[in-house]
Structure formats: C-alpha cells, structure tokens
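Q: Dropping the structure in here first, questions after.
In my numbering, the protein residues as written are 162 to 263.
Take a look at the structure:
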C-alpha cells in the first residue's frame, strides 16, 4: 500500500468506524473527535464512504430487515491505512520538532 496521506475527514471517518456505525453517527463522531473543526455534509460523507468501500478499507454490515440505516465498520486494510497515517504524522511532528528546537 502506498503511503499516501489521508484527508482529515477520511482519517476521522476511519477512526469512527473502529466500531460499527451508521452515517449520521459517523457525522456526529467526526465532529466530536475533531473538536468541531470537521463537519461533514451528507454528500461528502457518502462520497468518502463509497471510496472507502471500493478500496476495501471499510465494509457495510448486513442490515436489519426493517431498518434503513446501513452500518459500516473498518477492515484490516483500513486499520493498516490509519496506522500508516499515524506513522506519517509522527514523522512530520518529529522532524518539525527537531528543526524548531535547532
């Protein structure tokens, strides 16, 4: 897997899906995790969900017959993407700290 940076929205969506969650729950959780800085519109969220499904980073759980809410959960490749992002961010922080401290 290429070590491509994740957008902040995708990063928070993946973190949110460490436990099964439906779309509205994801939107609320992303806002909470980001301290209110990241607020996802429905179109943005579902566009990201479709991309993450295509990449195999999340999966849709089998729905309850009488429920319209689809739940999603992160997959192992999705967890690997988050881990790679954390390593990338740590590298940025470490290098920035070294330079700033001289």
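All C-beta atoms, glycine included, are put in the ideal place defined by N, C-alpha and C.
For residue 162, collect the residues of the same chain with a Cβ closer than 8 Å to its Cβ; drop the 5 residues on either side in sequence, then sort them by chain order.
A: At residue 162 the pLDDT is 46, less than 50, meaning the model places this residue with poor confidence and gives no usable figure here.
Q: For residue 232, which three-state DSSP category applies?
A: In the structure shown, residue 232 sits in a strand (DSSP, three-state: E or B).
Q: Considering only their Cβ atoms, is the gap separating residue 234 from residue 222 smaller than 8 Å?
A: Taking 8 Å as the Cβ cut-off, residue 222 and residue 234 qualify as a contacting pair.
Q: Output needed for residue 255: all residues of its chain with C-beta closer than 8 Å, excluding positions within five of it in sequence on either side, in chain order.
A: Within the same chain, residue 255 has no close Cβ partners at all.
Q: My parser needs the beta strand (DSSP E) runs of 3 or more residues fully inside the stretch 186-261; what are they?
A: Counting only runs of 3 or more, we get 219-221, 232-235.
Q: Going by CA-CA distance only, name the one from 174, 191, 192 that's closest to residue 211.
A: Here the closest residue by C-alpha is 174.
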